[in-house]
Amino acid sequence: MACSNLTSMWVSSKPSLSDSSSLSFRTVLRPLHTSSPPSRSSSVSPLQASLRELRDRIDSVKNTQKITEAMKLVAAAKVRRAQEAVVNGRPFSETLVEVLYNINEQLQTDDIDVPLTKIRPVKKVALVVVTGDRGLCGGFNNFIIKKAEARIKELKEIGVEYTVISVGKKGNSYFLRRPYIPVDKFLEAGNLPTAKEAQAVADDVFSLFISEEVDKVELLYTKFVSLVKSEPVIHTLLPLSPKGEICDLNGNCVDAAEDELFRLTTKEGKLTVERETFRTPTADFSPILQFEQDPVQILDALLPLYLNSQILRALQESLASELAARMSAMSSASDNASDLKKSLSMVYNRKRQAKITGEILEIVAGANAQV
Amino acid sequence: MTLNLCVLTQNRIVWDSEVKEIILSTNSGQIGVLPNHAPIATAVDIDILKIRLNNQWLTMALMGGFARIGNNEITILVNDAEKNSDIDPQEAEQTLEIAEANLRKAEGKRQTIEANLALRRARTRVEALNTI
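Chains A and B supply the protein sequences, listed in that same order. Sequential numbering of the first sequence, starting at 1, is according to the UniProt record's numbering. Sequential numbering of the second sequence, starting at 1, is according to the UniProt record's numbering.
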């Protein structure tokens, strides 16, 4: 956004400002001087006007720094909340995985024919692209959009049609400006993704797949690796494998029972993120457990739940990576702002001292001339 | 002997306490669950769940899922659940009207599937308010 651009522009012009020669000051500051209204400088000497401008600049840099510092702290607090949301979702996914495993064991020999697991020859692919709502988060939105474009190019080369479901304001505005990319729906996740938003995406994806308009659904989101690193990944969402495995494009499948959690902690006084892999203990079902309906019908009810929880996890991880990216971007902006303030203050003080020295010299010269 | 009921959605625990009896709607009809029920696993329809606590019935709208009953422990996993006290009557009515209008406008298989799902959900929420 504008703020961080300006800050970096000022930083890049730092070397010329720190030059101690007063002549170079005046040449650099002249553009500023011409922009100031003539009425102000007519009563005050040009040197004093540029002194005031320097002081104004220092003040505005100080304000910018306060804002970026505050944004960093807000983002840090929100990461904690996002983490809690993931932790709250664990009882659900644990129970789901347990039941899925047990049903699959019972259905080992049977041929399962659930619509969500049907593998068809791929003619059209739906890409669900998860972006953020706001800017000022470094390269976060750009990475995921670039990944989406790369995937679209790949699909075009293979000759597979595609459609995009865009989640998040940034992605929405990007795809709106490019009408040559077919977009199915624009959705927004809001500040904290809940089951409702995941349901909206799931409904869309579900109906697209079941009505055979698309044959494969891929989910593009940013995986939260650490506070400074996030990775855009592509996972195949549909067709689901009956075991509940989630596979990415290279065929690496993650078992549903292995869950990865991220935790924001402090190490040596600095905020870090640790990822832990949990293996859900899958206890045996009591053997007398009866299925009220056909096991296939039960699977039919379970798999949409699994679909929803996968989408929700992707949304939550994407939000966490966005917050982490914003934290690091705002932190570096704050550091840049304080460096800039320091150098501007030095320039200001030197100018002030030069002015005083000049006045003294004038007085002394005047006094000498009189004598 | 009381039943322990756990209603879980993806991001929160909606209910986690003891009840006397529940009436659950499944794809194959309604089932009532009393203490010491035989262990069963069943799919849950988009419909209402009635909970009895000490002669007082409470209604909850469930948006489809799965239920596991065993050993006086009931675990219900659903896409979404709303207690009838949390639903705003006017908003629910409006959502129902919008869903019905969308279904009439729906063209093609895909929009019909979506509209049907939305309609069932809206209807369940309105029913949860009307049932005591």
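Glycine included, every Cβ here is placed at the ideal spot set by N, Cα and C.
Kindly indicate which residue of the options has the alpha-carbon position closest to the one of residue i.
i	options	result
L299 (chain A)	A:A354, A:E98 and A:K229	A:E98
residue 377 (chain A)	A:K223, A:L305, A:L340 and A:K185	The structure shown does not extend to residue 377 (chain A), since chain A spans only 1 to 371, so no value can be given for it.
T42 (chain B)	B:D86, B:P35, B:A67 and B:G29	B:A67
D53 (chain B)	B:A92, B:W15, B:S28 and B:Q111	According to the sequence shown, residue 53 (chain B) is Leu rather than Asp. Per the Cα distances, B:W15.
T236 (chain A)	A:A369, A:N368 and A:V122	A:V122
V125 (chain A)	A:N102, A:L96 and A:I158	A:I158
N191 (chain A)	A:A202, A:R81 and A:K355	A:R81
V126 (chain B)	B:T2, B:Q94, B:G108 and B:L117	B:Q94
L219 (chain A)	A:L340, A:V233, A:V225 and A:L208	A:V233
S345 (chain A)	A:I58, A:E53, A:R313 and A:R120	A:I58
L136 (chain A)	A:P239, A:A77, A:R52 and A:S331	A:S331
A148 (chain A)	A:A301, A:D294 and A:Y221	A:Y221
L103 (chain B)	B:R121, B:P89, B:I87 and B:D86	B:R121
D294 (chain A)	B:S17, B:K20 and B:S28	B:S28
Q297 (chain A)	B:T2, B:L49 and B:D45	B:D45
C6 (chain B)	B:M63, B:L49 and B:I76	B:I76
Examine chain A for any beta-carbon lying closer than 8 Å to the beta-carbon of residue i, and answer yes or no.
i	result
K109 (chain B)	yes
E114 (chain B)	yes
A99 (chain B)	no
A122 (chain B)	no
R125 (chain B)	no
P89 (chain B)	no
I40 (chain B)	yes
Q94 (chain B)	no
I13 (chain B)	yes
T2 (chain B)	no
G32 (chain B)	no
D86 (chain B)	no
Secondary structure at residue i, three-state DSSP: helix, strand or coil?
i	result
I234 (chain A)	strand
G108 (chain B)	helix
T222 (chain A)	strand
Y180 (chain A)	coil
V7 (chain B)	strand
T64 (chain A)	helix
K118 (chain A)	coil
G168 (chain A)	coil
A367 (chain A)	helix
R134 (chain A)	coil
M1 (chain B)	coil
S211 (chain A)	coil
R12 (chain B)	coil
Q106 (chain A)	helix
A153 (chain A)	It is worth fixing the name first, because residue 153 (chain A) is Lys in this sequence and not Ala. Reduced to three states, the DSSP call for K153 (chain A) is helix.
V87 (chain A)	helix
E188 (chain A)	coil
Residue i CB to nearest chain B CB: under 8 Å?
i	result
S309 (chain A)	yes
D184 (chain A)	no
I298 (chain A)	yes
residue 377 (chain A)	Shown here, chain A extends from 1 to 371; a query on residue 377 (chain A) therefore has no answer.
V87 (chain A)	no
V78 (chain A)	Reading off the sequence, residue 78 (chain A) comes out as Lys, not Val. So no, K78 (chain A) is outside the interface.
I165 (chain A)	no
T95 (chain A)	yes
L240 (chain A)	no
S318 (chain A)	no
residue 421 (chain A)	Residue 421 (chain A) cannot be examined here, being either before or after the span of chain A that is shown, 1 to 371.
L208 (chain A)	yes
E213 (chain A)	yes
P91 (chain A)	yes
Q290 (chain A)	yes
K196 (chain A)	yes
When you compare the CB positions of residue i and residue j, do they come within less than 8 Å of one another, or not?
i	j	result
S328 (chain A)	V228 (chain A)	yes
I51 (chain B)	I22 (chain B)	yes
P39 (chain B)	N4 (chain B)	no
V74 (chain A)	L303 (chain A)	no
A195 (chain A)	N308 (chain A)	yes
L187 (chain A)	R151 (chain A)	no
N84 (chain B)	L24 (chain B)	no
M60 (chain B)	E91 (chain B)	no
N141 (chain A)	K185 (chain A)	no
L100 (chain A)	Y306 (chain A)	yes
V33 (chain B)	I98 (chain B)	no
Q199 (chain A)	N79 (chain B)	yes
K118 (chain A)	P239 (chain A)	yes
I145 (chain A)	V164 (chain A)	no
Is the beta carbon of residue i within less than 7 Å of some heavy atom of the ligand HEM?
i	result
M327 (chain A)	With respect to small molecules bound, the structure shown includes none, and the ligand HEM cannot be examined in it.
The region 117-133 of chain A touching the region 307-319 of chain A, judged by at least three CB pairs closer than 8 Å: yes
Count Cβ pairs between the region 79-98 of chain A and the region 5-20 of chain B that sit closer than 8 Å; are there 3 or more? yes
Specify whether the region 345-365 of chain A and the region 165-182 of chain A touch according to this definition: at least 3 beta carbon pairs, one from each stretch, less than 8 Å apart. no
If you pair each beta-carbon of the region 200-216 of chain A with each one of the region 107-124 of chain B, do three or more pairs fall below 8 Å? At 8 Å Cβ cutoff, the stretches touch.
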